[in-house]
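Novice: Have a look at this one before I ask anything.
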Amino acid sequence: MFGVKVWVDNRSSVEAVYADGTFSGTVDCSSLTEGIHILKSQSYDYCGHLSSIGTVSIFIDNTEPFVTLGNPLICQTSGNITATGSATDNIGLKYVVVSFTGPSNWTGTATLSGLTSEDWSIPTIPLPDGDYIVSVTSYDYANNASVSDTSSISIDTGIPMCEITFPGGDSVVGKIFRIEGTHRDTGGGLSAGVAFIRSVSITE
Ligand SMILES: [Ca+2]
Ligand SMILES: [Ca+2]
Numbered sequence: 006m007f008g009v010k011v012w013v014d015n016r017s018s019v020e021a022v023y024a025d026g027t028f029s030g031t032v033d034c035s036s037l038t039e040g041i042h043i044l045k046s047q048s049y050d051y052c053g054h055l056s057s058i059g060t061v062s063i064f065i066d067n068t069e070p071f072v073t074l075g076n077p078l079i080c081q082t083s084g085n086i087t088a089t090g091s092a093t094d095n096i097g098l099k100y101v102v103v104s105f106t107g108p109s110n111w112t113g114t115a116t117l118s119g120l121t122s123e124d125w126s127i128p129t130i131p132l133p134d135g136d137y138i139v140s141v142t143s144y145d146y147a148n149n150a151s152v153s154d155t156s157s158i159s160i161d162t163g164i165p166m167c168e169i170t171f172p173g174g175d176s177v178v179g180k181i182f183r184i185e186g187t188h189r190d191t192g193g194g195l196s197a198g199v200a201f202i203r204s205v206s207i208t209e
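For the record, in the sequence shown the residue sitting at position 193 is 198 according to this note's numbering, with numbers rising by one throughout.
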């Protein structure tokens, strides 16, 4: 019988998988308090010989980080989008991932800045027109993850157009006359079609 035992502090051990001079396994510390603990390992052989106990100091972090999406992304008239926000953790942030889901998807890792690494931002990214859902996920060094509230954004680079189609130019009209026109737009703003102005009163 030979193998490796791994345990935390003085609690019950788990048997680690031994293979080719290395060992690996999973240690469940969900019942332990946050903070500093000692991870220990010891190997044993067929004759019952025991190795010295190896120790590693670990910090158990069960607290999820917190992340927010900063600048309100309501309606962008440019397809070049950026986003900023903040994130915090009790120990430290590992990274922040930002995702745009819509007509074209974009996912990238934000840049953390500031003395406390609490501010994040993404570079300017080009996205085609349409409606997008933006979400931000932060990870700490223990791989605890936290997702921000999602935000919606409409990217609309299409400029609306409006023109009078009736009466035509140089028309002779009475005091009261009918007017017709069309408006068109792209990018999720006005919908294409024909609009009728029901009544207009013009005074000098
Ligand atoms: Ca944490
Ligand atoms: Ca538009």
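Backbone N, C-alpha and C fix where the C-beta goes; we use that ideal spot for every residue, glycine too.
For the stretch 34-68, which segments carrying the beta strand (DSSP E) assignment without a break, of at least 3 residues, lie completely within its bounds, in sequence order?
Specialist: The qualifying runs are 40-49, 59-65.
Novice: For T162, which three-state DSSP category applies?
Specialist: Coil.
Novice: For D136 and S83, what's the separation of their Cα atoms in angstroms?
Specialist: Looking at the two C-alpha atoms, the distance is approximately 13 Å.
Novice: Looking at the strands, I want to know which residues DSSP matches up with I130.
Specialist: DSSP output for I130 lists I86 as bridge partner(s).
Novice: Within a Cβ cutoff of 6 Å, which residues of the same chain sit near D94, ignoring the five residues on either side of it in sequence?
Specialist: Closer than 6 Å at Cβ, skipping near neighbours: P70, D145.
Novice: Work out the CA separation of R189 and R183 for me, nearest whole Å.
Specialist: If you take the alpha carbons of R183 and R189, they lie about 20 Å apart.
Novice: Looking at V11: is its Cβ nearer than 9 Å to the Cβ of K45?
Specialist: Cβ atoms of V11 and K45: closer than 9 Å.
Novice: Tell me the rounded alpha-carbon separation between S176 and G192.
Specialist: Each residue's alpha carbon lies about 34 Å from the other.
Novice: Taking the CB atoms as reference points, tell me whether T60 and I41 lie closer together than 9 Å.
Specialist: For T60 and I41, no; Cβs fall outside 9 Å.
Novice: Please classify V13 as buried or exposed, where buried requires at least 16 other C-beta atoms within 10 Å of its C-beta.
Specialist: With 16 or more other Cβ atoms within 10 Å, it is buried.
Novice: Between I164 and ligand 2, is there a pair consisting of the residue's CB and a ligand heavy atom that are separated by less than 8 Å?
Specialist: Result yes, Cβ under 8 Å from ligand 2.
Novice: Compare the C-alpha of G32 against each of E39, L55, D134, S18 and name the closest.
Specialist: Correcting the residue identity first, residue 32 is Val in this sequence and not Gly. For V32, the nearest C-alpha among the options comes from S18.
Novice: Since V141 and F105 are thought to touch, with beta carbons under 8 Å apart, how far apart are those beta carbons, to the nearest angstrom?
Specialist: Not a contact, Cβ separation roughly 11 Å.
Novice: If we ignore side chains and look at the alpha-carbon of each, how far apart do W111 and I160 end up?
Specialist: About 14 Å.
Novice: If you run the structure through DSSP and keep just helix, strand and coil, what is I138?
Specialist: DSSP places I138 in strand when its eight states are reduced to three.
Novice: If you draw a straight line from the C-alpha of E123 to the C-alpha of G113, how long is it?
Specialist: Each residue's alpha carbon lies about 17 Å from the other.
Novice: Which of the three DSSP states is assigned to Y146 in this structure?
Specialist: Of the three classes helix, strand and coil, the one that applies to Y146 here is coil, per DSSP.
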